[in-house]
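Quick note: the sequence shown uses my numbering, first residue 11, plus one each step.
Beta carbons: idealized from backbone N, C-alpha and C, even for Gly.
Predicted model, so just to flag it, every value in this text is computed and none were measured.
Read the structure below first, then the notes.
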Amino acid sequence: MSNYCKRNTNISLLTLNINGCKGNFYEFIAMHNILHSGTLPIQFYCLNETNIKSDEPHDFVIPGYRSITLPSIRNKQKGSGLSIYFMNKLNFTKNQSLTTRNQYFECLGGNLNTNHGIVKVIVFYRFNNTNIKKFLNEFTSLLSKINGPTIISGDFNIFIFKYKITSHVSDF
């Protein structure tokens, strides 16, 4: 276990729908450089809609970070693909049981080993215009299988200000 995890009990995470790494990654790096100059650097960046195919070479690297990915869906132009970037000094590994895709959402997860035990980190992306009720059923089913401390982030494509109009938003 790294000394960093023994000393630090805080976890900092930023989730961003990047809407395509090809067109937006370098703007993201500029934002990262501003945030990283602060007193509490971001330990995790969870990116949605990376649109990076599994057979596509890329140079989307953040200095001082490693990453795990879920490539975008083959033959889908946009609206798919996830990445979690994490500081090199963290003891973080991909967890295949937390990484899945169905017709409603995709998720990518990993385990962070700390001196307090394992903390799971999961990023979700709910595909736009999918049935919210069916999504909630699948989402709830997946969450019921997760034990222990867990950080969930993502883009759920749910307009939460409609909670008075749509019961599914309230259920979420």
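### Task
Sort out for me which residues DSSP pairs asparagine 27 with in a bridge.
On the sequence shown, position 17 is the one that residue 27 refers to. Note: asparagine 27 sits in a beta bridge opposite Asn58.
### Task
Use the C-beta contact count for aspartate 165: other C-beta atoms within 10 angstroms, 16 or more gives buried, fewer gives exposed.
Working through the sequence shown from its first residue, we reach residue 165 at position 155. Burial call: buried.
### Query
Quick one, are the C-beta atoms of glycine 91 and asparagine 139 less than 8 Å apart?
Taking the first residue of the sequence shown as position 1, residue 91 is located at position 81. Taking the first residue of the sequence shown as position 1, residue 139 is located at position 129. Contact flag unset, no.
#### Entry: Distance, glycine 89 Cα to leucine 57 Cα
Translated into the one-based positions of the sequence shown, residue 57 becomes position 47. Translated into the one-based positions of the sequence shown, residue 89 becomes position 79. Between leucine 57 and glycine 89, the C-alpha separation is close to 12 Å.
### Query
Leaving out the 5 sequence neighbours to the left and right, which residues in its chain are closer than 7 Å to serine 82 when beta-carbon positions are compared?
Start at 1 with the first residue of the sequence shown, and residue 82 comes out as number 72. Within the same chain, serine 82 has close Cβ partners Thr60, Asn61, Ile62, Lys63, Ser90 and Gly91.
#### Entry: CB contact flag (isoleucine 78, lysine 104, <8 Å)
Here residue 78 is taken as the residue at index 68 of the sequence shown, counted from 1. Here residue 104 is taken as the residue at index 94 of the sequence shown, counted from 1. Yes, these two residues count as a Cβ contact at 8 Å.
### Message
Here's the rule: buried if 16 or more other CB atoms are within 10 angstroms of the residue's CB, otherwise exposed. What is leucine 153?
### Response
Here residue 153 refers to the residue found at position 143 of the sequence shown. Leucine 153 is exposed by the Cβ-count criterion.
#### Entry: According to DSSP, residues forming a beta bridge with serine 93
Counting from one through the sequence shown, the residue named residue 93 turns up at place 83. Beta-bridge pairing links serine 93 to Leu57 and Thr79.
#### Entry: Buried versus exposed, by CB contacts within 10 Å (16 or more), histidine 68
Within the sequence shown, the letter at position 58 stands for residue 68. That one is exposed.
### Message
Assuming contact is defined by CB atoms lying nearer than 8 Å, are tyrosine 135 and tyrosine 95 in contact in what I supplied?
### Response
For the purposes of this step, residue 135 is identified with residue 125 of the sequence shown, where counting begins at 1. For the purposes of this step, residue 95 is identified with residue 85 of the sequence shown, where counting begins at 1. The answer is no: Cβ separation not under 8 Å.
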